[in-house]
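Enquirer:
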Amino acid sequence: MRYISTRGQSAPRDFGGVLLAGLAEDGGLFMPESWPVRSAAEWRALRDLPYADLAATVIHPFVGDTLSLETLRNLCARAYQGFDHPARVPLTQLDHGLWVQELFHGPTLAFKDLALQLLGHLFEHVLTERDETVTIVGATSGDTGSAAIEACRDRARIKIAILHPEGRTSEVQRRQMTTIPAANVFNIAIDGTFDDCQDMVKGLFADVSFRKDTQLTAVNSINWARIAAQIPYYVAAALALGAPDREVAFAVPTGNFGNVLAAWAARRMGLPISRLVIGSNRNDILTRFLAANDMTARGVEPSLSPSMDIQVSSNFERLLFELLGRDAGATAGLMQEFRRTGHMPVPDAAWASATALFQGFALDDAGTAAAIRRIHDTTGYLADPHTAIGIAAAEVARLPRAAPIVAMATAHPAKFPDAVEKATGIRPSLPPRLAHLMTAPERFTRAPNDLAAVETLIRAFVKRNDAQSNNPWGTAA
Ligand SMILES: *Cc1c(COP(=O)(O)O)cnc(C)c1O
-8 MRYISTRGQS
2 APRDFGGVLL
12 AGLAEDGGLF
22 MPESWPVRSA
32 AEWRALRDLP
42 YADLAATVIH
52 PFVGDTLSLE
62 TLRNLCARAY
72 QGFDHPARVP
82 LTQLDHGLWV
92 QELFHGPTLA
102 FKDLALQLLG
112 HLFEHVLTER
122 DETVTIVGAT
132 SGDTGSAAIE
142 ACRDRARIKI
152 AILHPEGRTS
162 EVQRRQMTTI
172 PAANVFNIAI
182 DGTFDDCQDM
192 VKGLFADVSF
202 RKDTQLTAVN
212 SINWARIAAQ
222 IPYYVAAALA
232 LGAPDREVAF
242 AVPTGNFGNV
252 LAAWAARRMG
262 LPISRLVIGS
272 NRNDILTRFL
282 AANDMTARGV
292 EPSLSPSMDI
302 QVSSNFERLL
312 FELLGRDAGA
322 TAGLMQEFRR
332 TGHMPVPDAA
342 WASATALFQG
352 FALDDAGTAA
362 AIRRIHDTTG
372 YLADPHTAIG
382 IAAAEVARLP
392 RAAPIVAMAT
402 AHPAKFPDAV
412 EKATGIRPSL
422 PPRLAHLMTA
432 PERFTRAPND
442 LAAVETLIRA
452 FVKRNDAQSN
462 NPWGTAA
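With the numbering used here applied, the sequence shown covers -8 to 468.
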């Protein structure tokens, strides 16, 4: 399988190249050159596979020659063995025709573990084959940082530095990053906002000598490997509910559009998905787009569902590319116009084909709290704020006698205990395996909101010999 850029100006790459590069050189996102479509009989044949085998089988066509199916199966087995539910991504029925799929049984209690746990293994494998090392740098407002750290900890060929805005993540989120006792993990608490952290990461990537000296890379959600790793749970849910012999719909609490894009990809691969409902908080640009073709960015407002506090959903570019019939020039033009003016004039035909499948739904904080309470009162299910928006979106879209709809539960309620307690009076507790979290010692370094200072810190971290007897870092150590 080869990958092309949505902006058409980068040379095609294979899966390994896309994994390590993340973003294409022309600023676009990588997309598979073609979609591996399965017949109904081929889908049916996957029905009885345990999750890790299903994941390997579904992902393998995207990986092509980079890994054998056998190797990928091994990596998937290892990636998902630490999940605390035997089904890995269990389905729970809430009502007639309404289900939730819990994607939070991984080490950091959010759906990002499903992609990042596998990515950690994929990185290690590809780096070992190429005899290379990388430094991963990222900014986080909470969930991504901890999931990336968990996935990369103690890996000999990876060093990972995560910037978080000091005092602006939840305590659980911070502790999930700062209590990891691994020499290849570096937490930096920035005296600034999440946007400052993100700008700083962009600054680090823009510095060519820094990028080269540290073999800098990213694991943010524009990495195609993350999208590929999110397709299998849609397949698992659809097969369990009767696909390919019955249509299924999904409702997805959405921020960067990565999770719902994976559902779209599953449909592109031939799974009968009838509807995709996008849940948003007050940062509702996607809902406005779908309702009235109004793709206009406003300032980001904080909400009870911080992982969806996003105005510009980076993965939307991938859908746009497809809606425009894979016209890379038109995609690049619209993205540039959006960046310049904050408004994207999507052609009516492309908008109409988006609305044939997608539907938007937004809830403000009061609506989110009310949804958490109502869902708990009527079904007994305790949902985190992101999940509650997904369930509410599914309820709105559910039609009598239509396809069953599955709402994606993207975080464990104990990750957002204050919001859940305020809405229901119940304080969700952390799973026992995380009980140590609130007392374990924390390790992080404070830094001013200053690019040069952070660069110096990360350079020193990368040079530090982590006492691996078999150190692949060569002269850098
Ligand atoms: C990241 C995240 C989301 C948003 O997912 P996208 O792929 O960015 O759309 C939703 N809920 C939770 C809990 C998250 O961590």
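All residues carry an ideal CB built from backbone N, CA and C; glycine is no exception.
Please report how far the alpha carbon of arginine 434 lies from the alpha carbon of threonine 170, in whole angstroms.
Expert: Straight-line Cα distance between these residues: approximately 6 Å.
Enquirer: Once the 5 residues before and after arginine 4 are set aside, which same chain residues still bring their CB inside 6 Å of it?
Expert: Here the set comprises Tyr(-6).
Enquirer: Taking 8 Å as the cut-off, does the CB of aspartate 56 come closer than this to any heavy atom belonging to ligand 1?
Expert: Checking every heavy atom of ligand 1 against the Cβ of aspartate 56, none is found closer than 8 Å.
Enquirer: Between the alpha carbons of valine 210 and methionine -8, how many angstroms are there, rounded?
Expert: Rounded to the nearest angstrom, the two C-alpha atoms are 21 Å apart.
Enquirer: Would you say phenylalanine 185 touches ligand 1, meaning its beta carbon is less than 8 Å from a heavy atom?
Expert: The answer is no for phenylalanine 185.
Enquirer: What are the complete beta strand (DSSP E) segments, minimum 3 residues, inside the stretch 130 to 195?
Expert: Listed in chain order, they are 149 to 156, 176 to 181.
Enquirer: So alanine 68 is in the alpha helix (DSSP H); what residue range does that whole segment cover?
Expert: Note, alanine 68: alpha helix (DSSP H), 60 to 71.
Enquirer: Does DSSP put aspartate 86 in a helix, a strand or coil?
Expert: Strand, per DSSP.
Enquirer: Can you tell me whether histidine 87 is buried or exposed? The criterion is at least 16 other CB atoms within 10 Å of its CB, across all chains shown.
Expert: When all chains shown are included, histidine 87 counts as exposed.
Enquirer: Under 8 Å from any heavy atom of ligand 1, does the C-beta of alanine 321 make it?
Expert: Alanine 321: no, Cβ never under 8 Å from ligand 1.
Enquirer: In terms of alpha-carbon separation, which member of Leu89, Val91, Gly13 lies closest to glutamine 206?
Expert: When each option's Cα is compared against that of glutamine 206, the closest is Gly13.
Enquirer: Would the stretch 405 to 420 count as touching the stretch 374 to 384 if we require 3 or more Cβ pairs under 8 Å?
Expert: These segments touch.
Enquirer: What residue ranges within the stretch 320 to 354 form continuous beta strand (DSSP E) runs of no fewer than 3 residues, ordered along the chain?
Expert: Qualifying beta strand (DSSP E) stretches, in chain order: 349 to 353.
Enquirer: Taking the straight line between their C-alpha atoms, what separation do you get for asparagine 284 and tryptophan 34?
Expert: Cα to Cα, the separation comes out at about 35 Å.
Enquirer: Taking 8 Å as the cut-off, is the C-beta of methionine 299 nearer than that to any heavy atom in ligand 1?
Expert: At least one heavy atom of ligand 1 is nearer than 8 Å to the Cβ of methionine 299, so yes.
Enquirer: Secondary structure at valine 453, three-state DSSP: helix, strand or coil?
Expert: Of the three classes helix, strand and coil, the one that applies to valine 453 here is helix, per DSSP.
Enquirer: Expressed to the nearest angstrom, what Euclidean distance is found between the alpha-carbon atoms of aspartate 122 and arginine 148?
Expert: Rounded to the nearest angstrom, the two C-alpha atoms are 9 Å apart.
Enquirer: What number of angstroms, rounded off, separates the C-alpha of isoleucine 417 from the C-alpha of alanine 361?
Expert: Looking at the two C-alpha atoms, the distance is approximately 14 Å.
Enquirer: Counting only the same chain and skipping the five closest in sequence on each side, list residues whose C-beta sits under 6 Å from that of proline 432.
Expert: Nothing listed; no residue qualifies.
Enquirer: Kindly list the residues whose CB is nearer than 6 Å to the CB of asparagine 306, restricted to its own chain and excluding five residues on each side of it in sequence; keep chain order.
Expert: So the list reads Asn247, Phe248, Gly249, Leu252, once near-sequence residues are dropped.
Enquirer: For alanine 319 versus glycine 111, is the C-beta spacing smaller than 9 Å?
Expert: Taking 9 Å as the Cβ cut-off, alanine 319 and glycine 111 do not qualify as a contacting pair.
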